[in-house]
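Sequential numbering of the sequence shown, starting at 103, is according to my numbering. Yeah, the Cβ is synthetic: ideal placement off N, Cα and C, and Gly gets one too.
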Amino acid sequence: MTAQKFDPIPFITNELNLPAKSVASVVALLEEGNTIPFIARYRKEVTDNLDEVEIRNIQEKLAYITELEDRKKTVISSIVSQGKMIPDLQSKISNCLSKTILEDLYLPYKPKRRTRAMIAREKGLEPLALLIMEQSKQKNPQEDAKAFIDPAKGVSDVDEALAGARDIVAEMLSENAEIRAIVRDVFKSEGIVVSKVIDGKDAVPTKFEQYYNYREKTASIPSHRYLAIRRGEREEVLQFHIEIEPEMVLGEIRNKSGVNKASLYAEQLEKSIVDACKRLIFPSVETDLRVELKMQSDRAAVDIFASNLKNLLLSPPLGTYVVIGIDPGLRTGCKCAVVDNTGKFLHTVTIFPGQGERGFDRAEQDLLQLIAKFHPHAIAVGNGTGGRETEQFVRKVLTSANLANITVISVNESGASVYSASDVAREEFPDLDLTIRGAISIARRLQDPLAELVKIDPKSIGVGQYQHDVYQPLLQDKLSEVIESCVNHVGVELNTASASLLAYVAGIGPSMAVKIVKHREINGSFKGRQQLLKVAGLG
């Protein structure tokens with residue numbers, strides 16, 4: 103019989119509280135390969151006007167449930183191949199809507215390394231373990247255990263027999279999905295992140311001093327603090343763990359396990375429960391929670407980075423004016439690059455205002471000559487090392503020459519050096535030095551931040567304190583989404599946009615963007631959008 107195709111629509115609809123018809127339409131459009139900006143702008147009539155955020159949420163839920171269903175197939179196949187599938191388990195797996203719960207259900211059947219419980223089973227102690235779980239009022243563990251003594255198997259006395267049986271029970275308890283859920287819920291709601299300085303590392307002050315003896319609940323710790331603690335651990339300054347008071351869960355686990363105080367086996371089950379928690383369940387759940395907190399912190403941090411990038415990309419452009427861009431340099435000189443009102447590179451000169459009075463005078467003269475020749479509307483000064491001194495120099499020169507009409511602006515130069523050494527920059531300016539390319543980028547950032555910054559890997563723009571600590575594919579995808587959203591929100595000037603910028607326009611992509619630019623170079627400016635149909639592969 104052919105397996106029925108899974109329908110993700112009810113899950114997504116329930117999770118996001120959106121109309122099923124709209125969700126189904128978006129899912130169909132996404133599966134056809136349409137981008138989110140394209141769907142949001144050009145398929146409103148199909149999606150009932152869902153915005154980009156809602157469509158992106160649908161995309162994320164679709165990815166989650168698709169991955170979950172694929173994992174279910176693997177899990178079911180594994181359990182069936184072991185001959186251990188039963189209807190109740192099949193139903194629980196099929197109806198499961200959480201990756202965490204799915205892994206809990208799979209845990210007893212998951213191939214594992216050699217454990218204490220395995221060794222105990224090999225010694226024939228599983229029947230004794232079942233007696234512990236049974237909690238009979240009539241039976242005596244000290245007497246029953248004698249039947250399992252077998253020196254040849256490594257069971258020399260009653261204590262060893264009971265200890266091995268308890269190992270089996272502890273593993274059974276640790277693999278119980280309901281018990282793990284109890285512990286996980288308490289770790290999430292009541293757990294405490296505890297960080298301490300590693301012995302000997304507190305002698306020298308570090309940026310992690312506030313975490314040398316720190317405690318905060320897992321439910322409320324902010325992403326930046328959790329990422330800071332993890333960084334401290336990675337740099338071998340801190341050690342941290344997540345703890346709970348065992349009594350918060352032991353009572354409920356006793357009830358779930360059926361501890362019967364009237365049974366002589368109660369003590370054995372009690373010992374098994376404590377061992378299961380401390381040796382197996384707590385460490386496992388703590389590891390899972392550490393990963394979950396990392397993912398949550400990553401998402402929160404990435405959202406902040408994305409917001410910062412969006413604000414930077416959508417900074418008001420200066421517009422189509424001639425600009426001088428200056429890449430400050432104290433030792434190697436300040437590289438000045440002039441671009442025209444379209445961003446085209448015109449001229450460059452290097453000045454050395456920081457090399458004494460003679461250097462200052464010569465630099466002043468060169469800058470004034472540049473101004474006289476190209477009549478810039480503004481001067482953009484990179485905010486890197488030497489930026490403040492260079493800006494002061496430029497302002498002083500303009501004031502002395504009565505050129506107060508020229509605007510001087512400090513420009514964020516993060517990533518300019520990355521751009522200057524990139525393939526895009528080499529293709530644009532194959533004969534120019536890296537530092538000149540950087541000055542051009544600074545000038546263009548003032549003219550049109552969005553058009554220039556799309557050429558740079560967004561991670562190089564410097565949009566957040568912990569951007570190198572978060573999961574990099576998540577960061578890359580989110581920042582790319584922001585660029586795509588911004589470009590499609592603002593639009594592009596078809597006759598001046600670079601291939602890097604055009605590539606983010608909904609429906610175009612990198613290869614078509616290159617074809618559009620080449621067509622423009624050969625045939626001149628487009629007179630209207632209809633002429634785009636003449637581009638090879640687009641018409």
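Could you tell me which residues DSSP puts in a beta bridge with Cys-438? Ile-428 and Val-451
Hey, how far is the Cα of Lys-163 from the Cα of Glu-133? 13 angstroms
Quickly, what does DSSP pair Glu-318 with across the bridge? List them, please. Partner(s): Val-295.
What span of residues does the alpha helix (DSSP H) with Ala-480 cover, start to end? Where Ala-480 is concerned, there is no enclosing alpha helix (DSSP H), although the beta strand (DSSP E) it sits in stretches over 480 to 484.
If you reduce the DSSP assignment to three classes, tell me which class Leu-534 lands in. Coil.
Let me know the secondary structure DSSP gives Leu-152 once reduced to three states. For Leu-152, the secondary structure class from DSSP, reduced to helix, strand or coil, is coil.
Could you tell me the boundaries of the beta strand (DSSP E) in which Val-513 lies? Taken as a continuous stretch (DSSP letters only), the beta strand (DSSP E) holding Val-513 covers 509 to 513.
Within a Cβ cutoff of 6 angstroms, which residues of the same chain sit near Ile-563, ignoring the five residues on either side of it in sequence? In chain order, Ser-516 and Gly-517 place their CB closer than 6 angstroms to the CB of Ile-563, counting only its own chain and leaving out the 5 sequence neighbours on each side.
What are the boundary residues of the alpha helix (DSSP H) that Ile-111 is part of? 111 to 118
CA-CA distance, Leu-232 and Ser-322? Cα-Cα distance, rounded: 41 angstroms.
With a cut-off of 8 angstroms, do at least 3 Cβ pairs link the segment 284 to 299 to the segment 233 to 251? Judged by Cβ distances under 8 angstroms, the segment 284 to 299 makes no contact with the segment 233 to 251, as fewer than three pairs qualify.
Out of Val-520, Leu-131, Lys-498 and Ser-519, which has the shortest C-alpha to C-alpha gap to Val-510? Of Val-520, Leu-131, Lys-498 and Ser-519, the residue nearest in Cα terms is Lys-498.
Within its chain, find whatever has a CB closer than 8 angstroms to the CB of Arg-268; leave out the 5 residues flanking it on each side and keep chain order. Ala-231, Ile-234, Gln-370, Lys-373, Ser-374 and Asp-377
Could you say which of Lys-175, Leu-329, Gly-435 and Gln-237 lies nearest to Thr-487 if we only look at CA atoms? Gly-435
For Gln-632, the residue or residues it bridges with in DSSP: For Gln-632, which the question treats as bridged, DSSP gives no partner whatsoever.
Run through the DSSP bridge pairs and tell me what His-343 is partnered with. Looking at the DSSP assignment, His-343 forms a beta bridge with Val-296.
Sufficient close CB pairs (3 or more, under 8 angstroms) joining the segment 408 to 424 to the segment 204 to 223: no
Using a Cβ cut-off of 8 angstroms (strictly closer), state whether Gly-517 contacts chain B. In the displayed structure, chain B is absent; only one protein chain is listed.
Would you kindly report the start and end of the unbroken alpha helix (DSSP H) that includes Leu-366? Segment: none, Leu-366 is in no alpha helix (DSSP H) and carries neither H nor E.
Option in Val-565, Tyr-144, Asn-159 and Arg-143 with minimal Cα separation from Val-129: Asn-159
Of the residues Cys-198, Gly-445 and Glu-583, which one's Cα is nearest the Cα of Lys-174? Cys-198
Do Asp-535 and Gly-484 have their C-beta atoms within less than 8 angstroms of each other? no
Determine the DSSP secondary structure at Val-556, reduced to helix, strand or coil. coil
Looking only at its own chain, which residues have a Cβ that is under 7 angstroms from the Cβ of Ile-558, when we skip the five neighbours before and after it? Gly-517, Val-520 and Tyr-521
What three-state label does DSSP hand Val-257 in the structure shown? strand
In the DSSP assignment, the alpha helix (DSSP H) including Lys-358 goes from what residue to what residue? 349 to 359
DSSP-derived helix/strand/coil call for Pro-390: The residue asked about is misnamed: residue 390 is Asp in this sequence, not Pro. In this structure, Asp-390 counts as helix in the three-state DSSP scheme.
Quick check on this structure: which residue in Gly-185, Asp-206 and Tyr-313 has the alpha carbon closest to the alpha carbon of Lys-194? Of Gly-185, Asp-206 and Tyr-313, the residue nearest in Cα terms is Asp-206.
Contact set for Asp-571: own chain, Cβ-Cβ below 6 angstroms, skip 5 residues either direction: Leu-329 and Arg-333
Opening and closing residue of the alpha helix (DSSP H) in which Val-594 lies: Note, Val-594: premise wrong, no alpha helix (DSSP H); not H, not E.
Which runs of the alpha helix (DSSP H), 4 residues or longer, sit entirely within the segment 177 to 254? Runs found: 189 to 197, 201 to 208, 218 to 224, 228 to 236 and 243 to 246.
Taking Cβ positions, are Lys-561 and Gln-569 nearer each other than 8 angstroms? yes
Boundaries of the alpha helix (DSSP H) in which Asp-468 is found, first to last residue: Element bounds for Asp-468: 458 to 476.
In the DSSP assignment, find the alpha helix (DSSP H) that holds Arg-433 and state where it starts and stops. Looking at the DSSP string, Arg-433 is not in any alpha helix (DSSP H), and its letter there is neither H nor E.
8 angstroms Cβ cutoff met for Asn-590 and Phe-628: no
Would you mind working out which of Asn-443, Lys-123 and Val-271 sits nearest Leu-420, comparing C-alpha positions? Selection Asn-443, Lys-123 and Val-271 evaluated against Leu-420 yields Asn-443 as nearest (Cα-Cα).
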